[in-house]
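For reference, the structure is listed below as structure tokens.
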Amino acid sequence: MKQPRLFKGVAIAKPKKKISKTSKSGCDSATGSCPRATIRVTKPEIHSVPSLEKMKIMPSEFFEIDALDLAPRLLGKLLRRDDVVLQITEVEAYRPNDSACHARFGITPRTAPVFGQGGHAYVYLCYGLHTMLNVVADKEGVGAAVLIRSCAPVTGLKTIQQRRGQITEKPILLTGPGKVGQALGISTDWSNHALYTPGGLEVLDGPEPDKILIGPRVGIEYALPEHVSALWRFAIAGTPWISAPKNTLRPL
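For the sequence shown, this note's numbering begins at 61 and goes up steadily by one.
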């Protein structure tokens, strides 16, 4: 039987087994957990990206577009720091005049990077615990970003496991924005870091997904109704490396 593929040019091993898990905790935008959601979990091997060494760093102009346009374009792209390379599988867009965006607070020492040039990192702590990585979008002064919600491992699995404190290859390793930040080993000191320059933390080109899912963002109940229901969450279709809830996603 032909091996399944989750991405163009990205092979994934046939799952060894499937199990069903029912979460007992409440929905959490940082960890990706959700109540009463039965999630089928596979155990794929680490992703392989052909010619990883040939993947180029994305230029600054790639990021200087509306966050709603940048978000789906980031799917399949690679995040690299040291020996760890992750493939972006799920994102959320945050825009100007968005009641869920941190830009609504104006320019503060914490939010200043959101108003910077597209292509920089905006890193903040959620609940004072979870390190959340955002990619700043659009032109300087706009105030927009894309949250990296989930990733799949490409290289550096042992490093990822050590940083996460979990010796597993299951999607739980990286499905949730706080998990991605922890796997990359970043802190708020990385906020305002240019992701298009060599060294440190970089965004590399990667294979585009065949199909994309969309849905409302997670954990923004405080926002205005029109922003709570906005379909500004994007994920790669057919991959298990997506955070909960999954039942709010549908094909684009």
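Quick reminder that beta carbons are idealized off the backbone N, C-alpha and C, glycines included.
Run the CB neighbour count on residue i, radius 10 Å, all protein chains shown included, and call it buried at 16 or more, exposed below.
i, result
"Leu312", "exposed"
"Gly225", "exposed"
"Pro285", "exposed"
"Gln222", "exposed"
"Lys239", "buried"
"Ser289", "exposed"
"Glu150", "buried"
"Ile280", "buried"
I need the straight-line Cα distance from residue i to residue j, nearest angstrom please.
i, j, result
"Tyr154", "Ala205", "5 Å"
"Lys103", "Gly166", "With a pLDDT of 37 at Lys103, under the threshold of 50, the predicted position of this residue should be treated as unreliable, and no value is reported."
"Asp158", "Glu113", "38 Å"
"Ser120", "Val144", "22 Å"
"Ala283", "Glu152", "15 Å"
"Pro231", "Thr171", "30 Å"
"Arg96", "Val174", "Caution applies to Arg96, whose pLDDT of 37 falls short of 50 and renders its modelled position unreliable; the model cannot decide the point."
"Gln147", "Glu268", "11 Å"
"Tyr187", "Cys211", "21 Å"
"Gly216", "Leu207", "22 Å"
"His190", "Asp249", "14 Å"
"Gly298", "Lys137", "16 Å"
"Gly241", "Asn252", "15 Å"
Nearest by alpha-carbon distance to residue i: which of the options is it?
i, options, result
"Ala295", "Lys116, Phe122, Met115 and Arg133", "Arg133"
"Leu234", "Asp129, Ala304 and Leu130", "Ala304"
"Gly245", "Arg170, Thr219, Gly298 and Lys230", "Thr219"
"Asn307", "Glu281, Arg277 and His287", "Arg277"
"Ile302", "Phe123, Leu135, Leu130 and Glu124", "Leu135"
"Phe122", "Arg140, Tyr184, Glu281 and Val196", "Val196"
"His162", "Leu139, Asn194 and Asp265", "Asn194"
"Pro156", "Leu139, Asp142 and Ile125", "Ile125"
"Arg164", "Gly201, Arg141, Leu130 and Gly179", "Gly201"
"Leu128", "Gln242, Ser251 and His287", "His287"
Quick check on the DSSP output: the beta strand (DSSP E) that includes residue i runs from which residue to which?
i, result
"Gln147", "Val144 to Tyr154"
With residue i as the anchor, note down where its alpha helix (DSSP H) starts and where it stops.
i, result
"Arg224", "Leu217 to Arg224"
"Phe294", "Careful: Phe294 lies outside any alpha helix (DSSP H), inside the beta strand (DSSP E) at Arg293 to Ile296."
"Gly136", "Careful: Gly136 lies outside any alpha helix (DSSP H) and carries neither H nor E."
"Gly238", "Pro237 to Leu244"
"Val202", "Val202 -> no alpha helix (DSSP H), and no H or E assigned at all."
"Glu124", "Element bounds for Glu124: n/a, residue is neither H nor E."
Pull up the DSSP beta-bridge partners for residue i, would you.
i, result
"His180", "Ala254"
"Leu261", "Arg141"
"Met192", "Tyr184"
"Gly275", "Arg293"
"Ala163", "DSSP lists no partner for Ala163."
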